[in-house]
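Student: Handing you this structure, nothing more for now.
Number of protein chains: 4
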Amino acid sequence: MKYSFCNDYSTLAHPNVLNALIKYNDEQNEGYGEDIHTLNARNIIKDRFSCHNSDIYFLNGGTQTNLVLISHALKTYQGVLSCETGHINVHETGAIEGSGHKIITEKGKNGKLYPEDVLSALKKNHGPHMVKIKLVYISNSTEIGTIYSKKELMDLSKVCRDNDLYLFVDGARLSSAIMSKDNDIDPSDFAKYTDAFYIGGTKIGLLNGEALVINNDELKKDFIYQIKNRGALNAKGFLLGIQFEEIFKDDLYFLLGKKENELAYYLFSELEKIGIRPYFPLQTNQVFIILDNKMIEELEKEFIFEVWEDLNLHEKVVRLVCSYSTKKEYIDLLVKKIKNIELCK
Amino acid sequence: MKYSFCNDYSTLAHPNVLNALIKYNDEQNEGYGEDIHTLNARNIIKDRFSCHNSDIYFLNGGTQTNLVLISHALKTYQGVLSCETGHINVHETGAIEGSGHKIITEKGKNGKLYPEDVLSALKKNHGPHMVKIKLVYISNSTEIGTIYSKKELMDLSKVCRDNDLYLFVDGARLSSAIMSKDNDIDPSDFAKYTDAFYIGGTKIGLLNGEALVINNDELKKDFIYQIKNRGALNAKGFLLGIQFEEIFKDDLYFLLGKKENELAYYLFSELEKIGIRPYFPLQTNQVFIILDNKMIEELEKEFIFEVWEDLNLHEKVVRLVCSYSTKKEYIDLLVKKIKNIELCK
Amino acid sequence: MKYSFCNDYSTLAHPNVLNALIKYNDEQNEGYGEDIHTLNARNIIKDRFSCHNSDIYFLNGGTQTNLVLISHALKTYQGVLSCETGHINVHETGAIEGSGHKIITEKGKNGKLYPEDVLSALKKNHGPHMVKIKLVYISNSTEIGTIYSKKELMDLSKVCRDNDLYLFVDGARLSSAIMSKDNDIDPSDFAKYTDAFYIGGTKIGLLNGEALVINNDELKKDFIYQIKNRGALNAKGFLLGIQFEEIFKDDLYFLLGKKENELAYYLFSELEKIGIRPYFPLQTNQVFIILDNKMIEELEKEFIFEVWEDLNLHEKVVRLVCSYSTKKEYIDLLVKKIKNIELCK
Amino acid sequence: MKYSFCNDYSTLAHPNVLNALIKYNDEQNEGYGEDIHTLNARNIIKDRFSCHNSDIYFLNGGTQTNLVLISHALKTYQGVLSCETGHINVHETGAIEGSGHKIITEKGKNGKLYPEDVLSALKKNHGPHMVKIKLVYISNSTEIGTIYSKKELMDLSKVCRDNDLYLFVDGARLSSAIMSKDNDIDPSDFAKYTDAFYIGGTKIGLLNGEALVINNDELKKDFIYQIKNRGALNAKGFLLGIQFEEIFKDDLYFLLGKKENELAYYLFSELEKIGIRPYFPLQTNQVFIILDNKMIEELEKEFIFEVWEDLNLHEKVVRLVCSYSTKKEYIDLLVKKIKNIELCK
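Residue numbers (this note's numbering), protein chains in the order written: chain C, 12 to 356; chain L, 12 to 356; chain G, 12 to 356; chain W, 12 to 356.
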């Protein structure tokens, strides 16, 4: 069996989550998120993220959450601004366009959008022959593992509000972002500075599930109709309610993020010691390094990981992801293996 | 606490299913349905439904499955034919239309479509100013609990093939249909006589999940792209794979259907004894009866159920659903309560 | 050559309209409706329909106008209510659904919707599992040639406003409706009692073109983006501006409607004299009569017309449409032919 | 009155076209393109472009034609490859995405795509998490006035066929492209080397209208349903049929393209004489030059033209378009004005 550093969704769920399911398995609950667990989970999140006026919905996955929120927020002729590397732009098989909306992209920097990117996109897209940008999509942590600083978030928020744009944060890896040692954004800031954001669960201890938090009143009305219309309303909504209720007990959600970051930093520092070069700056649980082709070939015999892109004819960028369930012994084995291969050269 | 006969998705999952999740919780699995459990589950279904050439995908719920399959099968100007009572027509918040396709309806009979309905719809819809019907949607068991006979299915299949139409069966309650004492359709018939059908799991023992079986080669190509494009591809596909793998062990899937049907028949016969009138013919796990308004008001103090529709000013049609997890003692309590109220009149 | 009573769009345009095109052919004009003729045409319509606060856009045809307006007015999970016979429901190849919206239908009466139909549809469609009706679509004159009375329009308007629904009038044959001798709706009433309506040009003297009048402020914003997004924005917008400018000179628009109605009444009274039975009440330029199959077969040798539907095995409903360009001599020939065939029986 | 070099659609139509409308104004014709003129126009085009097996449809404008064809060709999860400067990507207000399809872009060169761009895009977009590219969109002449050589077209065609991609040519300015003195593509080559292309009429002598030629059998079926579904089917189809019939008489279509190219070359050579620098290579009827801000400000007092983009703080790129109806005397006046302003500096 090969050990996988391929992603942070290769195991089922944190044991507490499964135990909660067993605990409540005899209960009858109302369908479609009208149950008591969903209500509890909403209240816990409202407390923890200081967003008592927000509306919260639980959805099945990231692409679905992006699709449902964005298609709800936009009129047919409106578009989204995303960083070129944004998940909606690269890895969702055209789901946003499938719902009718163009994604305008800017290059950004380190996987992040900045106010000047927003202004540049607005300048280029104007008048009735071009899509009207209405929503700015960012992810935190980003697809390449970086995070926004509080100032960056506030500046982006300001340029959005000044230009009548919604700001939406894809938080598929929000736990990891918040628990980064570089992070200075408080959970309460997301409700303050964005129109909507989601708290990813699938990548951090749940079987499935993302908690979408809608802060802007304009986006709240009839949202459940939109969910159903997209085939995203779960009959057994309480499956998600119970899981989120559990994962936020004693801040487990954040502890798991802390743990996966620590594992990633450990992996990274061990790799640095043996001279492996990083490709993107490390801030969360995704480690991007440069390996040569021969090394990759050897490693693939024992480990699973993603080759991100070709760097040149001889080297590639490789992504190693640490999850809360990643075992330290396999990190050590991986590093050892790399070291051995290096020595044999 | 009120006891619910509201639907067949008010409890989490069959214990075996939860135990399987715990059993496999330490495993790493590949994402997006590329794992071994999904493969096993597919093979088990192929054996049990004799559909070795079919492609099988696992999705989260009924509306999603209908949406993904139908939008995959149709070109933009093509439409679906459904019974007026069809789930896609009544209870999916316009999800099919949301994907761009008109639903043409015929009245049908007892919740079912017949060849003459198909021919009638084709006759009314012709030429480039009208939607081109390309797919016939039926559900089995139907939304009102009835089932198709083998002859009815074969006749419908023939008229579809003769007219170049796809036939798709919504099997949200397929277990209950197959295990009806009136049923003469063999599991293998669904692959023989339809272009696609799905085997519902959410309503019969799974946390969530439907198994979509695609029989017609024309519909197979690139189907996973379509799933992703609709936001319906699960990162942890193995969550569904494990569940389906488990629910088909020792035919548990069918035994649960048998059980819920038996409970429904028991409920119905007890009600008949005290003079309660049925509204739709009973064939599966949904019992439709006529109650007067006063009775409904009294019952609602202790039980949860759905008022289906007004029959007249004084009476309503009520739906009582039995699930595999419905407790017989509560059926007895319900019947007793009704009897007592009758006596007090 | 057979003479056609098939529709009211079988000739190019009123000579005045073509002459106007020749007159302005040397002019340079701004594109996309930013020209002086479009501005003039807008002002003329604002005067004539007393709608100085409305926004007016010129589009190419009826289906396109319905599609652009309705998809602009609705959020993805919202639907339209239409009479079963409504053009959007029957003869637009699923264009409304193609833009993502379900059409809910009620039977109505004589091709018209009444407040009780709206209330009935609202009662049947409620809650997040059903489409949220947000717009009521009617046509005037209707697809079967009938017209709304002022009271009917006002009552419908009231029920819509009371229930937060938009009211939209498809006026493909608005000239004919307004000029009906049964009509008591003033042109100014359309802006008063509807949220949007369109003034059909294609069926009454223009090469092409419908003038969409948007009364409700909520629907005005960014409408030109919506037009472009649907591929409906004409580079040479002035082609439509010039035509509408011309057709409203000296009330030509209304005179042509009057003329076609008179021709239809003449045709109808001549047919009545020889015992031909009407099928729908005659109010505008469309004459629906009952003919036997043999008669239809004979007539089709010399005339073109539409067979509307089968009445029984021996008789069919036939539609004869009079246009402003229909020649009276051919009406006489048609009647004479029918008379002769009757005599030969 | 300012004279406009803003575009090639600022006048109504070539006089022959208007005269044809007058000539046929008394005729009755069948609706929806079933008339004799549409048939004739199709046959003329089939002869002139040697595409006797192609299907031809007449549509109202470029964006509409692109939208109808592309949404017909693609399944929901498939996307289009376009040059970054492509009309569908920049100036159609998200119409293609509005129909559900992502546009993947490559930078290309001089407004054109090359086989290496196609291969690069295919390499970057692979697997079910990314849109499946299925159609390559190019325009000829391009948005910046350049044209494809026969070899470039053939090479692109080959890479498309090798990779199971459709090749579609937006020919809004096809006349100008074919009549370029640099052109070596024969009209017959478009049917040979593309799956579909359109012959633009709106920008070259018609009131409105583009002739879409579908060469690939896969794209032919039910195309008229798609047109109607998009609100693009004209009741008076013969309006377009008559115009195309006329514009191809005695090769008028090509003569007008030749004329506008000659005017552009004349303008360009006069500008060169006085030291004005070109921005894009001149091949057709669009002249792109660099002017300083002061010059632009002065010119705008007497002429209308489009400022394409900022070159730097002091200079901008300006587009001057010559149409068949552009008057030489105004070209001379424009050049004279520029010369005078230069002298005054």
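Even glycine gets a Cβ: it sits at the ideal position worked out from N, Cα and C.
Just so it is clear, the structure is predicted and the values come from calculations on it, not from any experiment.
1. At a Cβ threshold of 8 Å, is G/K231 touching chain C?
2. Can you give me the Cβ contacts of W/V332 inside the same chain, cut-off strictly under 7 Å, excluding the 5 residues immediately before and after it?
3. Among W/D233, W/L322, W/I149, whose alpha-carbon lies nearest the alpha-carbon of L/Q89?
4. Smallest Cα separation from W/S187: which of W/I210, W/K312, W/T205?
5. What three-state label does DSSP hand L/Y20 in the structure shown?
6. Hey, C/V329 and C/I352: beta-carbon distance below 8 Å or not?
7. Chain G partners of C/S199, CB-CB under 8 Å?
8. Say whether the segment 245-261 of chain L touches the segment 106-117 of chain C, bearing in mind that this needs 3 or more beta-carbon pairs closer than 8 Å, one atom from each stretch.
9. Using DSSP with H/G/I as helix, E/B as strand and the rest coil, what is C/C355?
10. For C/T87, would you say it is in contact with chain G, using Cβ-to-Cβ distances shorter than 8 Å as the test?
11. Skipping 5 residues on each side, what residues in its chain have a beta carbon closer than 8 Å to that of G/K339?
12. Would you identify the three-state DSSP class for G/Q294, choosing helix, strand or coil?
13. Quick check: the Cα distance between C/G216 and G/D206, rounded to an integer number of angstroms?
14. Would a C-beta distance cut-off of 8 Å place G/F179 and G/I56 closer than the cut-off?
15. I'd like to know if L/K239 contacts chain W, where contact means its C-beta is closer than 8 Å to some C-beta of that chain.
16. Using a 10 Å radius around the Cβ and a threshold of 16 neighbouring Cβ atoms, would you call G/E308 buried or exposed?
17. State buried or exposed for W/R288, treating a residue as buried only when at least 16 other CB atoms are found within 10 Å of its CB.
18. Could you check the C-alpha separation between G/I235 and G/M141 for me, to the nearest Å?
19. Does any CB atom of chain L fall closer than 8 Å to the CB of G/T153?
20. So which residues on chain C does W/H112 lean against when the C-beta distance must stay under 9 Å?
21. Please tell me whether C/V142 has its Cβ less than 8 Å away from any Cβ of chain W.
22. Out of W/L29, W/K34, W/E38, W/Y35, state which residue places its alpha-carbon closest to the alpha-carbon of G/Y35.
23. Exposed or buried, what is W/D181 when buried is set at 16 or more other beta-carbons lying within 10 Å of its beta-carbon?
24. Within the continuous beta strand (DSSP E) that includes W/I149, where are the two ends?
25. Tell me which same chain residues have a C-beta within less than 8 Å of the C-beta of G/I189, skipping the five on either side of it?
26. So which residues on chain L does G/G413 lean against when the C-beta distance must stay under 7 Å?
27. Assuming C/G44 and C/F69 make a contact with CB atoms under 8 Å, what is their CB distance in whole Å?
28. My assumption, with CB atoms under 8 Å, is that W/K231 sits in contact with W/D66. Please give the rounded CB distance.
29. Since G/D321 sits in a beta bridge, which residues does DSSP pair it with?
30. Identify whether L/F299 lies in helix, strand or coil by the three-state DSSP scheme.
31. Is G/L302 closer than 8 Å to G/K327 when the C-beta atoms are compared?
32. Of all the options G/K123, G/P139, G/K145, G/L176, which has the alpha carbon lying nearest to the alpha carbon of L/A106?
33. Would you please verify whether the beta carbon of W/K236 is less than 8 Å from any beta carbon of chain L?
34. Verify the CB distance criterion: does L/H137 have a CB-CB separation below 8 Å to chain G?
35. Distance, Cα to Cα, G/I99 vs L/R172?
36. I'd like the list of long-range same chain contacts for L/D166, defined as Cβ closer than 6 Å, with 5 residues on each side in sequence excluded.
Tutor: Once the coordinates are examined:
1. Taking 8 Å as the threshold, the shortest C-beta distance from G/K231 to chain C does not fall below it.
2. Within the same chain, W/V332 has close Cβ partners F16, C17, N18, D19, N296, Q297.
3. Ranking W/D233, W/L322, W/I149 by Cα distance to L/Q89 puts W/D233 first.
4. Considering only alpha carbons, the answer is W/I210.
5. Here DSSP, grouped into helix, strand and coil, assigns L/Y20 to coil.
6. In this structure, the beta-carbon distance from C/V329 to C/I352 does not fall below 8 Å.
7. Listed along chain G is no residue with a C-beta nearer than 8 Å to that of C/S199; the closest approach is about 30 Å.
8. Pairwise C-beta distances place the segment 245-261 of chain L out of contact with the segment 106-117 of chain C, as fewer than three of them are shorter than 8 Å.
9. In the three-state reduction of the DSSP assignment, C/C355 falls in the helix class.
10. Cβ-Cβ to chain G under 8 Å: yes for C/T87.
11. Closer than 8 Å at the Cβ level, and outside the excluded window around G/K339, lie L274, Y277.
12. In the structure shown, G/Q294 sits in coil (DSSP, three-state: anything other than H, G, I, E or B).
13. The C-alpha of C/G216 lies about 50 Å from the C-alpha of G/D206.
14. Contact flag unset, no.
15. At least one beta carbon of chain W lies nearer than 8 Å to the beta carbon of L/K239.
16. Exposed is the call here.
17. W/R288 is exposed by the Cβ-count criterion.
18. For G/I235 and G/M141, the distance between alpha carbons rounds to 30 Å.
19. False, the Cβ-Cβ gap to chain L never drops below 8 Å.
20. Going along chain C in sequence order, the residues near W/H112 (Cβ under 9 Å) are G105, E108, G109.
21. It does: the Cβ of C/V142 has a partner Cβ on chain W nearer than 8 Å.
22. Among W/L29, W/K34, W/E38, W/Y35, the Cα nearest to that of G/Y35 is on W/L29.
23. Here W/D181 is buried, its C-beta having at least 16 other C-beta atoms within 10 Å.
24. Start and end: 143-150.
25. Excluding sequence positions up to five before and after G/I189, its CB lies within less than 8 Å of the CB of I196, P198, F265, G268, all in the same chain and listed in chain order.
26. The structure shown does not extend to residue 413 of chain G, since chain G is modelled only from 12 through 356, so no value can be given for it.
27. About 7 Å; that satisfies the 8 Å criterion.
28. Sure, about 5 Å apart at Cβ, within 8 Å.
29. Partner residues in the beta bridge of G/D321, as assigned by DSSP, are G/K327.
30. L/F299 falls in the strand class under three-state DSSP.
31. Yes.
32. For L/A106, the nearest C-alpha among the options comes from G/P139.
33. A small correction: the amino acid at residue 236 of chain W is Tyr; Lys does not occupy that position in the sequence shown. Closer than 8 Å to some Cβ of chain L, the Cβ of W/Y236 qualifies, so yes.
34. Among the residues facing chain G, L/H137 is not included, as its CB has no counterpart in that chain under 8 Å away.
35. In a straight line, the C-alpha of G/I99 is about 29 Å away from that of L/R172.
36. Excluding residues within five positions, the ones whose Cβ falls inside 6 Å are P126.
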